[in-house]
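The numbers in our numbering rise by one with no breaks, and the one at position 32 of the sequence shown is 94.
Glycine included, every Cβ here is placed at the ideal spot set by N, Cα and C.
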Amino acid sequence: MKIFIYISLLSVALFLSCSDDDSDKKTGNPTMNIQTEFSNAMFGDSLPFKVNVSDDVPLSTLKVKLYYGEKIVSDVVIRTKTEGEYSGKIFVPFLKEIPDGIAKLEFVLQNINFTTTDKTYELSLIRPQYPYLTFVTKDKEYRMERIGENRYALTTNLPQKIKGFIKSPTVTSIGNSINFGWEDNGISQGSTNDITFSNLTSGEYTILFNTFDYTAAPFIVAYAINGTEMEKIDDDNFKIDLQLIKGQEVKVDGIDGFDEWWVDQDFFSKNDDKLIFNAIDGKYRVSADFSLKYLKVEVMDGENLASLKADGTGTIWLIGDSQGKPSLKNTGWDPQKGVCMVPMGNGIFQITFVAGETIIADRVNFVFFHTKDWAPSFGPETLTVNSEVFIIGQGQSVNGVDKGNIALAPGKTLTKGKAYKFVIDVSQGIDKATLMVTEK
63 MKIFIYISLL
73 SVALFLSCSD
83 DDSDKKTGNP
93 TMNIQTEFSN
103 AMFGDSLPFK
113 VNVSDDVPLS
123 TLKVKLYYGE
133 KIVSDVVIRT
143 KTEGEYSGKI
153 FVPFLKEIPD
163 GIAKLEFVLQ
173 NINFTTTDKT
183 YELSLIRPQY
193 PYLTFVTKDK
203 EYRMERIGEN
213 RYALTTNLPQ
223 KIKGFIKSPT
233 VTSIGNSINF
243 GWEDNGISQG
253 STNDITFSNL
263 TSGEYTILFN
273 TFDYTAAPFI
283 VAYAINGTEM
293 EKIDDDNFKI
303 DLQLIKGQEV
313 KVDGIDGFDE
323 WWVDQDFFSK
333 NDDKLIFNAI
343 DGKYRVSADF
353 SLKYLKVEVM
363 DGENLASLKA
373 DGTGTIWLIG
383 DSQGKPSLKN
393 TGWDPQKGVC
403 MVPMGNGIFQ
413 ITFVAGETII
423 ADRVNFVFFH
433 TKDWAPSFGP
443 ETLTVNSEVF
453 IIGQGQSVNG
463 VDKGNIALAP
473 GKTLTKGKAY
483 KFVIDVSQGI
493 DKATLMVTEK
């Protein structure tokens with residue numbers, strides 16, 4: 063009985079204690095005294111603020127939010143562990159096509175019991191009119207002068223194609239330098255990726271940029287073959303599919319310094335400054351590779367790259383790691399690096415390599431394929447090699463060369479600087495092909 067009374071008294075005591083704790087619990091009264099005055103700012107500024115905070119319960123966070131319309135475009139969160147003064151900066155984003163106007167700056171102070179207080183300010187924003195911009199390339203910086211509201215121009219002697227990003231100066235004590243670069247097929251703020259400007263020719267021309275709508279110029283890509291503009295693949299690669307006729311002149315327009323490019327003389331011969339097409343009449347893809355300075359030609363069949371057909375038409379492809387055009391830097395067991403043979407008609411296909419330049423002099427390793435892919439290919443059952451210098455692999459256990467691979471015969475090497483013409487004849491059937499190789 064005594065034990066029962068003791069437990070009951072203890073329960074009452076605990077109940078009264080809990081009741082006292084609940085009644086003493088406070089929601090708090092967060093208070094802030096913002097010591098900074100806000101009236102106006104520029105897009106791109108880092109806006110400083112200073113706030114005194116206090117409460118009769120522990121504080122949690124101070125949140126500062128910037129709104130353009132109803133959208134939060136920038137925010138800062140500061141942990142307020144103790145009462146006192148806190149300071150920071152909030153970035154005023156420099157966004158595309160946002161006109162001068164009124165933004166909303168909001169301060170929210172919260173304590174550990176989630177009680178909050180807030181203050182809101184209207185902030186007048188204007189777009190900075192920079193005195194100039196800077197176009198930054200890999201090798202040089204160019205000054206772009208202001209020519210009107212939000213408009214800047216650079217006029218000087220420039221290459222036909224030039225890459226770089228644009229940056230602004232800092233115009234106020236709280237301002238930032240803003241970068242403009244290429245992102246997602248357009249110019250974007252905050253990027254330093256290269257913007258590729260291009261003109262019809264090198265020489266004096268004008269680059270333009272607008273800091274309001276991010277429009278820019280020039281992007282003139284007027285590379286053309288026989289008067290037809292090439293299609294852009296990326297900044298360094300362009301292509302065109304067109305009908306070509308044996309013996310016709312092929313005119314290349316718009317490529318600055320084209321006389322320094324590597325032109326495949328299997329497909330073209332040069333007559334003074336003219337290019338004359340060597341292959342049979344047909345549809346071809348002509349590609350301009352600016353990184354390699356290479357005018358590449360590939361045979362087409364309708365809308366697709368051609369393959370060798372049973373009647374001996376189409377083309378033959380080489381894939382391997384010992385040859386490459388325009389140089390040995392462009393080689394490897396990769397169908398994308400496959401080299402197209404030239405169709406001469408009547409089942410004859412040819413290709414030429416120069417030892418030490420486009421084919422390795424002391425090691426040869428490639429396969430003739432029917433298509434620009436891994437199969438089908440020629441093997442020892444379908445291709446006879448009539449050469450003292452080259453052999454076709456019959457298997458490692460037979461002649462020491464992988465089956466179907468073209469290799470140098472034992473003890474043979476190529477003479478550096480000499481050209482070697484490979485001619486495949488399928489006129490007797492694509493399963494009865496012959497290969498002849500001659501040194502030129």
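Reducing DSSP to helix, strand and coil, say where PHE320 ends up. helix
Buried/exposed call for ASP326, threshold 16 Cβ in 10 Å: buried
Can you tell me the Cα-Cα spacing of PRO472 and ASP328, whole angstroms? 28 Å
Cα-Cα separation between ALA516 and LYS355, rounded to whole angstroms: Residue 516 is absent from the structure shown; the chain starts at 63 and stops at 502.
List in chain order: all unbroken beta strand (DSSP E) runs of 3+ residues lying wholly within the region 420 to 492. 428 to 431, 445 to 448, 452 to 454, 468 to 470, 481 to 487
Work out the CA separation of TYR130 and GLU285 for me, nearest whole Å. The question names Glu, but residue 285 in the sequence shown is Tyr. Distance between the alpha carbons of TYR285 and TYR130 is about 43 Å.
Less than 7 Å between the beta carbons of GLU207 and ALA215, yes or no? yes
On the DSSP bridge assignment, give the partners of SER331 in chain order. ILE338
Validate contact between the region 406 to 414 and the region 435 to 447 using beta carbons, cut 8 Å, 3 pairs: no
Cβ of PHE271 versus every heavy atom of the ligand GTP: is any distance shorter than 6 Å? Ligands are entirely absent from the displayed structure, and the ligand GTP is therefore not among its contents.
Measuring only the C-alpha atoms, how far is THR496 from GLN385? 20 Å
From GLU501 to GLY382, what distance separates their C-alpha atoms? 21 Å
If we count the other Cβ atoms within 10 Å of its Cβ and call it buried at 16 or more, is ASN95 buried or exposed? exposed
Between the alpha carbons of TRP379 and GLY265, how many angstroms are there, rounded? 40 Å
Is it true that the CB of GLY226 sits closer than 7 Å to the CB of THR199? yes
Just to confirm my understanding: we take VAL485, look at its own chain, exclude 5 residues before and 5 after, and list those with CB closer than 6 Å. What are they? GLN412, MET498
Rounded to the nearest angstrom, what separates ASP363 and GLY376 at their Cα positions? 7 Å
According to the neighbour-count rule (16 or more other Cβ atoms, all chains shown, within 10 Å of its Cβ), is ASP487 buried or exposed? buried
Using C-beta distances below 6 Å, list every residue in its chain close to SER349, excluding the 5 sequence neighbours before and after it, in chain order. LYS301, LYS358
Less than 8 Å between C-beta atoms, sequence neighbours within five positions excluded: which residues of the same chain meet that for TYR192? ARG208, TYR214, SER230, PRO231, VAL233, THR273
Apart from the five residues on each side of it in sequence, which residues of its chain come closer than 7 Å, Cβ to Cβ, to LEU109? ALA103, LYS151, ILE152, VAL154, ILE236
Backbone secondary structure at ASN405 - three-state DSSP: Reading off the sequence shown, one finds Pro at residue 405, where the question assumed Asn. PRO405: strand per DSSP, three-state reduction.
Please classify CYS80: does DSSP put it in a helix, a strand, or coil? Low local confidence applies: a pLDDT of 46 at CYS80 is under 50, so the model's placement there is unreliable, and no value is given.
Should the region 301 to 320 be regarded as contacting the region 177 to 197, the criterion being three or more beta carbon pairs within less than 8 Å? no
Assign LYS399 to one of three DSSP states: helix, strand, or coil. helix
Is the region 166 to 174 close to the region 112 to 128, with three or more CB pairs under 8 Å? yes
Distance check for GLU99 and THR218, CA to CA, integer angstroms please. 45 Å
Distance, PRO280 Cα to ILE317 Cα: 16 Å
To which residues does DSSP link ASP296 through a beta bridge? ASN299
Quick one: Cα of GLY479 to Cα of ILE422, how far? 11 Å
Indicate whether GLY90 and ASP107 have their beta-carbon atoms separated by less than 7 Å. no
Whole-number beta carbon distance between ALA481 and THR414, since they are thought to touch under 8 Å: 5 Å
How would you call LYS387, buried or exposed, if buried means at least 16 neighbouring beta carbons within 10 angstroms? buried
With C-beta atoms as the reference, is THR182 less than 7 Å away from PRO92? no
Shortest alpha-carbon distance to ASP275 belongs to which of PHE156, ASP351, ASN261, ALA469? PHE156
Smallest Cα separation from ILE240: which of MET403, VAL401, LYS399, LYS158? LYS158
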